[in-house]
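The sequence shown begins at 36 in this note's numbering and counts up one residue at a time.
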Amino acid sequence: MIPIQALTVSLYTICSLVSLYLFLEKYFGAAFILSILVTQLWRFISEFLRADHRGNGKISVYQWMSLISCVYVMTLPYIFKNTLYPIPDIVFGFKTMWQPQVIIFLQGIWVISFLYTGRSQVTTSKISFAVGHPSK
36 MIPIQALTVS LYTICSLVSL YLFLEKYFGA AFILSILVTQ LWRFISEFLR
86 ADHRGNGKIS VYQWMSLISC VYVMTLPYIF KNTLYPIPDI VFGFKTMWQP
136 QVIIFLQGIW VISFLYTGRS QVTTSKISFA VGHPSK
């Protein structure tokens, strides 16, 4: 067995830190492309390493979607090459996020997401028990 979840979280954490660095250094296209390519190519590769059934074909639908995403993301910098971007300022970003309205709004979104996705709409379970008097 290969620990896919552990490998995924490690790879994605490293990728996110490198992408954040590229973004803060104003390499917006490179940051975007790196983050999408790493996540989607890992999705493609990790499907082969899983121990569960992933479809009748050799390549699953999710793998096709990840490959299409990689091709699509490579075309975007050519389409949006003349876009002006604001200068990233991480301190300003933290100050903006550290306001009561923003924090309450984000907590509200979290609660709604938790209530909506925390309830399974596919599986069910039933618990029953009986309490009786001890026999004489």
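Cβ coordinates follow ideal geometry from the N, Cα and C atoms, glycine included.
The alpha helix (DSSP H) with residue i in it runs from where to where?
i	result
Gly64	63–84
Thr118	Thr118 -> no alpha helix (DSSP H), and no H or E assigned at all.
Ala132	The residue asked about is misnamed: residue 132 is Met in this sequence, not Ala. Taken as a continuous stretch (DSSP letters only), the alpha helix (DSSP H) holding Met132 covers 125–132.
Ser54	39–59
Ser148	135–152
Cβ atoms of residue j and residue i: under 9 Å apart, would you say?
i	j	result
Leu84	Ala66	no
Ser81	Ser51	no
Val108	Leu72	yes
Ser101	Gln75	yes
Ile68	Pro112	yes
Trp77	Thr48	no
Pro121	Phe58	no
Let me confirm a value: residue i is counted as buried when at least 16 other C-beta atoms fall within 10 Å, else exposed. Which label applies?
i	result
Ser163	exposed
Gln142	exposed
Gln136	exposed
Gln98	buried
Does the ligand COA have even one heavy atom less than 8 Å from the beta-carbon of residue i?
i	result
Thr43	The model depicted lacks the ligand COA and carries no ligand whatsoever.
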